[in-house]
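Residue numbers (UniProt numbering): 1 to 153. Worksheet for the structure shown next.
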Amino acid sequence: MVLILSLKNNTYLKQERTFMKSVYRILSLLFVCLLIQACGDAPLDDNNLLITDSEECYMSNFELRGPDDRNVLVETNIQDIETDATKGIVTAVAKFGTNLKHVKPHCSVAKDCIVTPSMGSWIDFSQSREYTVISGNRQVKRTYTITVALQGE
């Protein structure tokens, strides 16, 4: 009699384990389906970057890096023009002896903004350059004119 009860309990436990495995599989599949559905609604721009609701559009920091990948600027001034919300001016002073024809620009911008043309590659900064910061919702643009002078000039 004890052996029969033991066999019945063992069979019951196997059925319960099989049932729980099925439940876990169904829940996992449901979770993956919901995850795919949630990710599919995000709007992307031409560069596959997420478009957000943010209208903030500004440059908060600017640096130039030399061949040793260190900042060569000793002074930076970023001005947003109050009378024209689409323009900004950046004036900077590089260390004496810096080769402005071979530097890498880097900047910090408001959350979700993009910068065109892109920064981070070697470029000639011996003359003023223009960069445009575009807001996260891609509706607001501000063009910054960046001028770099050498220290002592």
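Each residue gets a CB set at the ideal place from its N, CA and C atoms; glycine is no exception. Since the model is a prediction, treat every value here as computed from it, not as a measurement.
- Judged by DSSP in its simplified three-state form, I26 adopts helix.
- Residue environment analysis places F31 among the exposed positions, since fewer than 16 neighbouring C-beta atoms fall within 10 angstroms of its C-beta.
- The continuous beta strand (DSSP E) containing M59 extends over residues 59 to 65.
- According to the DSSP assignment, I146 belongs to the beta strand (DSSP E) that extends over 141 to 150.
- Scanning its chain for C-beta atoms nearer than 8 Å, with the 5 sequence neighbours on each side dropped, one finds around G152 the residues F96, in chain order.
- Excluding the 5 residues flanking it on each side, V74 has same chain C-beta neighbours closer than 8 Å at V93, A94, K95, Q151, in chain order.
- A Cβ-Cβ separation of about 31 Å leaves D69 out of contact with R138 under the 8 Å criterion.
- Exclusion of the five residues before and after I81 leaves K87, G88, I89 as the residues of its chain whose Cβ lies within less than 8 Å of its Cβ.
- Beyond the five residues adjoining it in sequence on each side, D124 comes within less than 6 Å, by CB distance, of K101 in the same chain, given in chain order.
- For G88, the enclosing beta strand (DSSP E) covers residues 87 to 94.
- Counting along the chain, V133 sits inside the beta strand (DSSP E) bounded by residues 129 to 134.
- Within the same chain, and ignoring the five residues on either side of N77 in sequence, the residues whose Cβ sits closer than 6 Å to its Cβ are T91.
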